[in-house]
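Here the structure comes first, spelled out in C-alpha cells, and everything after it is commentary.
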Amino acid sequence: MTEKALPHEWTLSPERGSLTLIKFGVRTALRLGRSRARLFLYPICFYFLLSSAGARRASRAYLARALGRRPLVSDIFRHFLTFASCLLDRVFLLNERTDDYDIRAEGEEILQGIEAAGGGCLLFGAHFGSFEVARATGRRRAELQISLLMYEENAKKVRDALAAVNPRLAAEVIGLGQLDSMIIVAERLRRGHFIGLLADRHFEGKNLARHEFLGAPAAFPRGPFQLAAMLRRPVVMMFGVYRGGNHYDLVFETLAPALETRPADVEAWVDEVMRRYVERLEHYCREAPFNWFNFYDFWR
Amino acid sequence: MDAFNQQQTPQETELARLIAVTLNLEVVAAEIDPLAPLYGEGLGLDSIDMLEIALAVSQQYGVKLRADDKNNREIFSSLRALNGFIQAELAG
Chain A
1 MTEKALPHEW TLSPERGSLT LIKFGVRTAL RLGRSRARLF LYPICFYFLL
51 SSAGARRASR AYLARALGRR PLVSDIFRHF LTFASCLLDR VFLLNERTDD
101 YDIRAEGEEI LQGIEAAGGG CLLFGAHFGS FEVARATGRR RAELQISLLM
151 YEENAKKVRD ALAAVNPRLA AEVIGLGQLD SMIIVAERLR RGHFIGLLAD
201 RHFEGKNLAR HEFLGAPAAF PRGPFQLAAM LRRPVVMMFG VYRGGNHYDL
251 VFETLAPALE TRPADVEAWV DEVMRRYVER LEHYCREAPF NWFNFYDFWR
Chain B
301 MDAFNQQQTP QETELARLIA VTLNLEVVAA EIDPLAPLYG EGLGLDSIDM
351 LEIALAVSQQ YGVKLRADDK NNREIFSSLR ALNGFIQAEL AG
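Listed in order, the protein sequences are those of chains A and B.
If you count by my numbering, then the first sequence holds residues 1 to 300, one letter each, in order.
If you count by my numbering, then the second sequence holds residues 301 to 392, one letter each, in order.
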C-alpha cells in the first residue's frame, strides 16, 4: 500500500497539517499554557469523532482487540483524546518544558550501560504513546545525542515542523531512501548516537513479515530489523506511555544485545527479534490501550 | 558482454567482484557496467546495500568512507567513480 492511498486515514497525523497551522497552533498553545490549551482538545476531538469516519472505524477495530470487548463511543473519544494530548504535550516537550511533567523511567540502566560501553544503539519505538518524552528526557542529559530515522517523505515534513517548533531539532532527522542514509546512521552510531525509529509502520508494502498481533496476523516491516542485524548494535525498545494527567512512563527493554559478528542465519535472527518486538508491543497495547496511534486498518 | 569486459579495468573488476560477493548479487561481476549508477535504478541497490559496500570497501582496502562527506553521492555514483575514489585515497 502506498502512502497516497492513506490520506484520509492520516488526517489525525501531525505531519499532514499545514505548516502555518502548526506554527499558529504551537504559538497559541505555548501562550495559553498546557492546562488551558488542553481545554481545546475536547471540542477538537469531538469534531474528529463526528467527521472522521475512517479514523473512527480504525479506532473501533483496534480497541475491540486491545480491550477484548465491544468498544463504546466513549472509548473511541478517549482514544482520540489520548492522541491529541500526546500531540499537544509534544509541543511543550520539544520546547524543553519538561519540568511540568511527571516522567518515570523504567529500564534506564540499559541505556546507561550502552552509553558507558560506547557505540550507541538503535531505539525501536512505535506509533504508540509519545516518542517525544524519551527525546526530551535524553536531552536533559546534554551528552546524549538522539537522531530519528524516518521515510524521506515524512522526514521533510517533520523537519519543517520541528524547525517551526524548535529549530535546533531539525538536524536530528535522518531521511531514508538517500544513497548515504545508512552510511550516516552507521557513522552516527560509531560516534555514540542513539538512533530512534518507529518499527511498526510501512509504506511500500514490500519486505514485510506477518506476525500474530492482538489476535490476528498483521504486517510489519523487516527493514529495521535487517538494518540492526547488519549494524550489530544493541536494539532497545522504547515507549513513552501516557498515563493521563501530566504523567508519562518511559519504558526501555532490550530486544537484542550487541552482536560480535553478523548472525549466522540473518533471516532467523530477524524473525526472532521481530517476534519479540511485536510481542512486547502487544503487551503494552493491552496494558495501555489508548496509546495506540495508527488510525488506519492495521490488519489489512 | 565483450564490450563490458573491455570497459572494466582490472581494478574495477576486482571491486565489482567484491560488491557482487558482498551483496550476493545475481549478476556476473564482470558484466557490471562501470558507468551505470550503483544506487537505485542501475543495479537496483538500496541504502542498506550502499552501507554494506562501504563496510566491505573499508575492510578490503582500508579506505574510510565518511558520512559527512558531501561527495558520497558522487563517490557511489558508479563502479568507476567508486574505484577512482579508492585509488585516490590509497595513493594519498
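Ideal Cβ placement from N, Cα and C applies to all residues, glycine included.
**OP:** Would you mind stating whether residue 238 of chain A and residue 220 of chain A have Cβ atoms separated by less than 8 Å?
**Re:** no
**OP:** May I ask you to list, following chain order, the residues of the stretch 180-207 of chain A that have a beta carbon less than 8 Å from some beta carbon of chain B?
**Re:** 180, 181, 182, 183, 184, 185, 186, 187, 188
Subject >> Any 3 or more C-beta pairs closer than 8 Å across the stretch 275-293 of chain A and the stretch 59-72 of chain A >> reply: yes
Original post:
Nearest chain A C-beta to residue 352 of chain B closer than 8 Å, yes or no?
Top reply: yes
Subject >> Listed by chain order, chain A residues near residue 365 of chain B by CB distance under 8 Å >> reply: 183
Original post:
DSSP three-state call for residue 212 of chain A: helix, strand or coil?
Top reply: strand
Subject >> Alpha carbon of residue 144 of chain A to alpha carbon of residue 266 of chain A, nearest angstrom >> reply: 30 Å
Original post:
Near residue 134 of chain A, what residues of its chain come up, given a Cβ to Cβ distance below 6 Å and the 5 sequence neighbours on each side ignored?
Top reply: 238, 240, 250
**OP:** Name the residue from B:366, B:350, B:318 whose alpha carbon lies nearest to the alpha carbon of residue 227 of chain A.
**Re:** B:350
Original post:
Given that residue 176 of chain A touches chain B, what residues does it touch there, using C-beta distances under 8 Å?
Top reply: 347
**OP:** Could you tell me the boundaries of the alpha helix (DSSP H) in which residue 64 of chain A lies?
**Re:** 53-67
Subject >> Cα-Cα separation, residue 1 of chain A to residue 309 of chain B >> reply: In this predicted model, residue 1 of chain A has a pLDDT of only 34, less than 50, meaning its place in the structure is not dependable; the value taken from the coordinates is given anyway. Taking the straight line joining both Cα atoms gives about 43 Å.
Original post:
Which residue's Cα is closest to the Cα of residue 223 of chain A: A:208, A:283, A:61?
Top reply: A:208
Original post:
DSSP on residue 11 of chain A, reduced to helix/strand/coil?
Top reply: A caution first: residue 11 of chain A carries a pLDDT of 40, below 50, which makes its placement in the model unreliable, though a value can still be read off. Of the three classes helix, strand and coil, the one that applies to residue 11 of chain A here is coil, per DSSP.
Original post:
Under the rule that 16 or more other beta-carbon atoms within 10 Å means buried, what is residue 206 of chain A, buried or exposed?
Top reply: exposed
Subject >> Nearest neighbour of residue 154 of chain A, chosen from A:28, A:110, A:186, A:201 [CA to CA] >> reply: A:201
**OP:** Let me know if residue 283 of chain A comes out buried or exposed under the rule of 16 or more other beta-carbons within 10 Å of its beta-carbon.
**Re:** exposed
Subject >> residue 44 of chain A, DSSP secondary structure in three states >> reply: helix
Subject >> Cβ-based burial, residue 161 of chain A [other Cβ within 10 Å; buried from 16] >> reply: buried
**OP:** Could you tell me the distance, in whole angstroms, from the CA atom of residue 149 of chain A to the CA atom of residue 236 of chain A?
**Re:** 15 Å
Original post:
Just the Cα atoms here: how many angstroms apart are residue 9 of chain A and residue 49 of chain A?
Top reply: Interpretation of residue 9 of chain A is limited by its pLDDT of 39, a score under 50 that renders its predicted location unreliable; the figure taken from the coordinates is listed afterwards. So the alpha carbons of these two residues sit roughly 13 Å apart.
Original post:
So, do the stretch 374-383 of chain B and the stretch 333-345 of chain B have three or more beta carbon pairs nearer to each other than 8 Å?
Top reply: yes
Original post:
Is residue 94 of chain A near the ligand COA, with its Cβ less than 7 Å from a heavy atom?
Top reply: As presented, the structure is devoid of all ligands, the ligand COA included, so that no description of it is given.
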